[in-house]
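See below for the structure under consideration.
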Amino acid sequence: MAMSRKLPDEMIEEIEIVSRMPEDVAFLINPTTLEYCRIPNSPLAFPKRGTSTAYALGYDFASDDYKVIIISCYRGVLEGDLFCTFVDVYFARMGFWRRLESISHNGAISIHSFGVFLNGALHWLAGKYYCSPSVIVVVNLTDEKFFEVPIPTITTTSLLRFYGIVALKGCLCVLGSRINENEIDVRMMKNYGVVESWTKFSVVKNTSPFCPMCLMSDDDIILAAPRKAKLIIYNKKKEQQREMNVDGKTSKFIRTRTFMESFVSPMIGRETEGSDYIASYSILK
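Quick note on numbering: the sequence shown equals residues 1 to 285 in UniProt numbering.
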């Protein structure tokens, strides 16, 4: 597939490492150096119709390679109501796709668009048959094996529905909202992999969906509120919030992602394509 003569608006407006393009083109980009390369379409991909797909990017320290993981849930015509889940991985250094083993439990699908990279593994919030989230699906990037982590057990009578997953302070966190309540629960796994270590990290009073991005201090959390096109600093001790001013942020701001600054090239020996087009956009300068 030929590369576009200029970058689509989605790449400019989203602070993401992997961006899904309208033309079904994906790029691996280093926001620090502005270098990027195109990820070829997977020859193993299913048709869009009837397919739910989630992406994630991680770094395998053992092989010194970037890996892009795609989880696809496909409802086949011949299978009727049977949902088949497939996992494909792209090896950036070697430049090819390979299909991994299917996720162990039948009907599991990723319901959170982007996976979270932590401790050398990628994490997705998942459910069965398009139901509410019931488990965290994890893939280790070195041995490419899957395992599951149960989400926190809720003992209160007020129904809490988990809808997102992030990493804060090096810990895995899940986000939950209560029906008919203007509160967002943030549950943190203090000890990675230890189910008993799930604790309530904070309760944010808010009327708009948000996603925690990072911590400025023990009390201040930076929140992204996509529907309002804002970044918000929330003080959980005082239960107060204020808007965060960011140079270059436009009113079309949709989603944000955090990244660790690095000078590692995503080209891995390949020539940079289209870097002059990236440099022409002031928002990335």
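We put the beta carbon where it would ideally sit given N, CA and C, even for glycine.
(message) Taking its Cβ as the centre, do 16 or more other Cβ atoms sit within 10 Å of residue 312, making it buried, or is it exposed?
(response) Since the displayed the chain opens at 1 and closes at 285, residue 312 lies outside it and no answer follows.
(request) Could you tell me if residue 62 is buried or exposed, where buried requires 16 or more neighbouring beta carbons within 10 angstroms of its beta carbon? (result) By the neighbour-count rule (16 or more Cβ atoms within 10 Å), residue 62 is not buried but exposed.
(message) Counting C-beta neighbours from all protein chains within 10 Å, is the total for residue 190 16 or more, i.e. buried, or is it exposed?
(response) exposed
(message) What does DSSP give as the partner residue(s) for residue 200 in the beta ladder?
(response) The partner list for residue 200 (beta bridge, DSSP) reads 187.
(request) May I ask which residues mark the beginning and end of the beta strand (DSSP E) holding residue 220? (result) 220 to 225
(message) Under DSSP, the beta strand (DSSP E) around residue 166 begins and ends at which residues?
(response) 160 to 168
(request) Would you kindly work out how many angstroms separate the C-alpha atoms of residue 168 and residue 217, rounded to a whole number? (result) Rounded to whole angstroms, residue 168 to residue 217 spans 11 Å at the Cα level.
(request) Could you check if residue 173 is buried or exposed, using at least 16 other CB atoms within 10 Å of its CB as the buried criterion? (result) buried
(request) Tell me whether residue 127 is buried or exposed, calling it buried when 16 or more other Cβ atoms sit within 10 Å of its Cβ. (result) buried
(message) For residue 185 and residue 176, which I take to be in contact (beta-carbon distance under 8 Å), what is that distance rounded to the nearest angstrom?
(response) 4 Å
(request) Apply the 10 Å Cβ neighbour rule to residue 238 and answer buried if 16 or more other Cβ atoms are within range, or exposed otherwise. (result) exposed
(request) State buried or exposed for residue 262, treating a residue as buried only when at least 16 other CB atoms are found within 10 Å of its CB. (result) Counting C-beta atoms within 10 angstroms of its own C-beta, residue 262 has fewer than 16 neighbours from the protein chains shown and is therefore classed as exposed.
(request) From the DSSP output, in three-state form, read off residue 195 for me. (result) helix
(request) Determine the contact status of residue 141 and residue 58, defining contact as a CB-CB distance below 7 Å. (result) yes
(request) State buried or exposed for residue 32, treating a residue as buried only when at least 16 other CB atoms are found within 10 Å of its CB. (result) exposed
(message) Taking 7 Å as the threshold (C-beta atoms), are residue 69 and residue 89 in contact?
(response) In this structure, residue 69 lies closer than 7 Å to residue 89 by Cβ.
(message) I'd like the span of the beta strand (DSSP E) that includes residue 237, first residue to last.
(response) Under the DSSP assignment, residue 237 falls outside any beta strand (DSSP E); it carries neither an H nor an E label.
(request) Per DSSP, which residues does residue 99 bridge with? Please list them. (result) Partner(s): 88.
(message) Quick check on the DSSP output: the beta strand (DSSP E) that includes residue 174 runs from which residue to which?
(response) 171 to 178
(message) Whole angstroms are fine: how far does the CA of residue 235 sit from the CA of residue 219?
(response) 5 Å
(request) Out of 257, 199, 224 and 256, state which residue places its alpha-carbon closest to the alpha-carbon of residue 241. (result) Cα-wise, what sits closest to residue 241 is 224.
(message) Quick check: the Cα distance between residue 286 and residue 178, rounded to an integer number of angstroms?
(response) The question about residue 286 has no answer, for the chain in this structure spans 1 to 285.
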